[in-house]
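In this text, residue positions in the sequence shown follow this note's numbering: the first is 2, and each later residue adds one.
To start, the structure under review is shown below, and the notes come after it.
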Amino acid sequence: MLAWSFARAWLAERLHQDEAGAAATEYVLIILGTALFLIAATFALRGVLTTAVTAISGWIGGVGPPP
Numbered sequence: 002m003l004a005w006s007f008a009r010a011w012l013a014e015r016l017h018q019d020e021a022g023a024a025a026t027e028y029v030l031i032i033l034g035t036a037l038f039l040i041a042a043t044f045a046l047r048g049v050l051t052t053a054v055t056a057i058s059g060w061i062g063g064v065g066p067p068p
């Protein structure tokens, strides 16, 4: 929590914002955190998704038309 408080104070000082404008800084940090999380999740799930797509493709390729 100390790092969060420091980051908020640093950004507020850099953007010349007071307490009333600190909410905008918090929103920016939330958006950046969410984007970073989505990027990390994409890289983490890339192998899982590739394996699933390969398995589904193999299953579809093995299914033939009815006689």
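Ideal placement from N, C-alpha and C gives every residue a C-beta, glycine not left out.
CB of residue i within 8 Å of CB of residue j, strictly
i          : j          : result
residue 30 : residue 8  : yes
residue 26 : residue 12 : yes
Rounded C-alpha distance that separates residue i from residue j
i          : j          : result
residue 50 : residue 59 : 14 Å
residue 63 : residue 37 : 39 Å
residue 55 : residue 5  : 42 Å
residue 2  : residue 35 : 18 Å
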